[in-house]
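Residue numbers (my numbering): 1 to 365. First the structure, in the form of structure tokens, and then the observations on it.
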Amino acid sequence: MTKKAIDALMSIGIDIGKDTFHLVGFDYDGQLVLRKKIKRLALLQTFENFPRCVVGMEACLSAHFVSRCLRKLGFKPRIIPAIYVKPFIKGQKNDYNDAEAIAEAALRPNLPTVPEKSQDQLDLQALHRVRSRLVSRRTATINQIRAFLIEQGITVRKGLRALKNSFETILEQRKDEISPRMRSILFGLYGDWLWLDDRIEAVSKEIEEISQREENCINVMTIPGIGPVISTAMVAAVGTGEAFDRARDFAAWVGLVPRQHSTGGRTILGRISKRGSRYLRMLFVQAARVILMRSNRWPDFSFGEWLIRASERMNQNKLAIALANKLARMAWSILRHKTAFDAPKKCGRDWNLKPFSASKEFAID
1 MTKKAIDALM SIGIDIGKDT FHLVGFDYDG QLVLRKKIKR LALLQTFENF PRCVVGMEAC
61 LSAHFVSRCL RKLGFKPRII PAIYVKPFIK GQKNDYNDAE AIAEAALRPN LPTVPEKSQD
121 QLDLQALHRV RSRLVSRRTA TINQIRAFLI EQGITVRKGL RALKNSFETI LEQRKDEISP
181 RMRSILFGLY GDWLWLDDRI EAVSKEIEEI SQREENCINV MTIPGIGPVI STAMVAAVGT
241 GEAFDRARDF AAWVGLVPRQ HSTGGRTILG RISKRGSRYL RMLFVQAARV ILMRSNRWPD
301 FSFGEWLIRA SERMNQNKLA IALANKLARM AWSILRHKTA FDAPKKCGRD WNLKPFSASK
361 EFAID
């Protein structure tokens, strides 16, 4: 590739791999002028010789790291969801065709992109990933304990606390009915459970400490039902919310809006789309269910009248989704405009002065 062709680069697409990257670039006439395979360690050295232009990459592992590095060199990186790159792929799937499709997609100004995450956001997101994995492992361990007990003819009422409080008593009372090997297995699983509890508590405490230091988290936690976990998860996912023009765009990104299939002027709405962050959507729905459990407190909130009217025409599950949508919109608005939640009607003026403690009653763990 000549120096003249290099200077004419307008868009570069990167297909990111573990050890190697594939680069494809177009000039201002739309001609393919770059087609190169490089090692990961040679990425920055290679791009130092390129003119500053738009660089596209799919949203994948290390995309945010690569984006930050290229931005420091003066490039304009764009992280594009894979679903929006797919229509631009021509021919069979291979690394060069993928990079070419990314380079073309990067030139589309109206194509949705993924906001670049800072290192602090990635660290916070990693904490949530670890906590989520630990909670899943704990749930699986508890279910296995229950299954083994049922195989021995022992049933325990629903609830984590009920099983923990009665576990040792059950094994002591049924020691003649349960074989030594099974007792050893159950005690081993119980030890795993206690260890997971300690790990979850430690990670949750770290998340809570971060939420109390971060101003954006403190503001979001003034919303009923939202505590340290949701507020930090939201900040980790969207930062200050600048990627969205309005609150309903954020709710749509979380997947809390009806799926639309309209044609011929006829609007057809279905179930929620479930697009975007499954983890964040789950947290908002849980927050909504916490509020629904306290119906005696509904009149205390500024959205209480809406909630009462909605409960008269919706079933519990549909109402939870509708409320989760509203909570997501409010959370984005507070995050974007750096404000606190409107004071509830009957909670007095001190509601917004202590946002963390005010919402802790309704916050999920």
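Even glycine gets a Cβ: it sits at the ideal position worked out from N, Cα and C. Values in this document were obtained by computation on a predicted structure and should not be read as measured data.
Residue state for F303 is assigned as coil, using DSSP reduced to three classes.
In this structure I12 does not touch G30 by the C-beta definition: roughly 14 Å separates them, more than the 8 Å allowed.
Among the bridge pairs identified by DSSP, R35 is matched with V24. Contact between the segment 232-250 and the segment 322-337 is established, with three or more Cβ pairs separated by less than 8 Å.
For S67, the enclosing alpha helix (DSSP H) has its first and last residue at A63 to K72. Counting only the Cα atoms, R40 lies some 49 Å from R161.
When DSSP states are grouped into helix, strand and coil, R174 belongs to the coil group.
Under DSSP, S11 forms a beta bridge with F26 and V54. Beta-bridge annotation (DSSP): Q152 is not paired with any residue. For Q260, the beta-bridge partners assigned by DSSP are L269.
The continuous stretches of beta strand (DSSP E) do not include K205, which lies in the alpha helix (DSSP H) extending over residues P180 to R213. Residue state for I223 is assigned as coil, using DSSP reduced to three classes.
In terms of Cα proximity to G17, the closest of M10, Q316 and Y96 is Y96. With a threshold of 16 other beta carbon atoms within 10 Å, G227 meets it and is buried. With a cutoff of 8 Å on beta-carbon distance, F284 and A324 are scored as near each other. In the DSSP annotation of this structure, the continuous segment of the alpha helix (DSSP H) that includes K326 starts and ends at Q316 to H337. The Cβ atoms of A59 and P81 lie closer than 8 Å to each other. In the DSSP assignment, I79 is bridged to M57 and V114.
G225 is not a Cβ neighbour of A310, given a cutoff of 8 Å. In this model, Q119 and H128 are separated by some 14 Å (Cα to Cα). Under the three-state reduction of DSSP output, I16 falls in the strand class. Here T240 carries a coil assignment [DSSP, helix/strand/coil]. The residues S277 and L280, in chain order, have a CB closer than 6 Å to that of A237 in the same chain once the five nearest residues on each side in sequence are set aside.
About 6 Å separates the beta carbon of C53 from that of M10, a gap short enough to meet the 8 Å contact definition. For the 8 Å CB-CB criterion, R259 and R271 form a contact.
For T113, the CB contacts under 7 Å within the same chain, skipping 5 residues up- and downstream, are R78, I79 and I80 in chain order. Under the three-state reduction of DSSP, F167 is assigned to helix.
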